[in-house]
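Here this note's numbering is used: the first residue of the sequence shown is -18, the next is one more, and so on.
All C-beta atoms, glycine included, are put in the ideal place defined by N, C-alpha and C.
Remember, predicted model here, so these are calculated numbers, not experimental data.
The structure appears right after this line, and notes come after that.
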Amino acid sequence: MRQNTNGRATNNVRELIGIMPAVAIDGSVTSNARMGARCSCQKLTPARRLYESDPSVANQVAVEKACRKVADRQARVRKLVFDANARRAKGTALLRHPDREWVAGYEGAGKSEASGRTLAAKGAAAAREKAGVTKRAHRDAVRSSLAAKGVTTHEFRLLSRSEQNAIVSDALTRRKPTKLEERRAGMKPVNEALYNSLKNYAERHGCVVMRGGKEAEEHLAKMEADAVYITGGGPIYFHENPTTSEVLEEVYHFKQDMRGDYSEDGNIVIIKLRREIDAQRYLLSVANQYNIPESESEQTRDALDGYMRKLKRVLEGEDPK
């Protein structure tokens, strides 16, 4: 027989009142359960404060998880006390009313904002069919949107209805990327400090530099180019995220034009090819200096070989195409 701190014969009293061994009449088990619920609330409060300061989707999910843990532990405390009271027989026992088993001093779980809906819900399926998007494509698009927000598809049901609708709508209306966007997706953008330095140089010498925007994108699409300098003083057109090689090359072409490189040849085609060859050689010579990715240098080498072959055909009187 083991004596508890109050001097009661715990085992004998358990047998007397018919309480399961897992429930201690001196309140140790219920105290532990209440402590677990209190700890959960201590995690809920800062989670809510963080969400108030940064209402991101990931923080919303964190609050919902904390709310559910608090609600679950509070329910377990109430059930524990209710079962203990129900099993009570004659004898002495510490009684607590289930309604009093709250976490004193801390806010409760409150009303959940989670919709509980999954991607298989009828509403999402109907919207998907109306938009003509396959189930797999829609799921992949939603997964991509959730991953960007730091949330998994399993946690989608923890989001509020409005947040779910926004994500589903975005996935349905997202257009397929163009071939240009797919090709440039893996390219490393230029360092902004380097870009600004070269841009400022060109503009100080009278050249207009256009980066992104409708006019630049339309002109590049028309010329089927990633970047281009218009001979005769510009402008220079870039995509929104130009690479280091593109910026260096087009500003180098602007400098060639100012110096008048190969102007004495008189043949516009030969002048252009010789300038292109010099520009590609320049890019290869400064690859280490400007940390140009190897993938860009490989394209530069291919371009150099192509320009040299064209120049050879032109000098031999053949069609450069």
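Exercise. Does the stretch 197 to 210 come within contact of the stretch 265 to 277, defined as at least 3 CB pairs closer than 8 Å?
Worked result: no
For this session: Verify whether the separation of the beta carbon atoms of glutamine 261 and alanine 284 is less than 7 Å.
Result: yes
For this session: Keeping to the same chain, check which residues put their C-beta closer than 7 Å to that of glycine 167; ignore five residues upstream and five downstream.
Result: none
Exercise. Comparing alpha-carbon positions, which option in Ser150, Arg98, Pro170 lies nearest valine 228?
Worked result: Pro170
Exercise. Which residue from Ser278, Asp242, Thr225 puts its Cα closest to that of alanine 174?
Worked result: Thr225
Exercise. Is proline 170 helix, strand or coil when you go by DSSP?
Worked result: strand
Exercise. Does the distance from the CB of tyrosine 176 to the CB of leucine 201 come in under 7 Å?
Worked result: no
Problem set entry | Opposing strand residues paired with tyrosine 210 [DSSP bridges] | Ile217
Problem set entry | Of the listed residues Ala118, Ala128, Leu254, nearest to leucine 296 (C-alpha basis) | Leu254
Problem set entry | Assigned exposure category for glycine 291 - 16 Cβ within 10 Å defines buried | First, the residue type needs correcting, since residue 291 is lysine and not glycine in the sequence shown. Per the 10 Å Cβ criterion, buried.
Problem set entry | Whole alpha helix (DSSP H) elements within the stretch 179 to 207, 4-residue minimum | 194 to 204
Exercise. Are the CB atoms of tyrosine 288 and isoleucine 258 nearer to each other than 7 Å?
Worked result: yes
Exercise. So the alpha helix (DSSP H) threonine 225 belongs to, where does it begin and stop?
Worked result: 225 to 240
Problem set entry | Distance between isoleucine 273 and glutamate 279 (C-alpha atoms, nearest Å) | 10 Å
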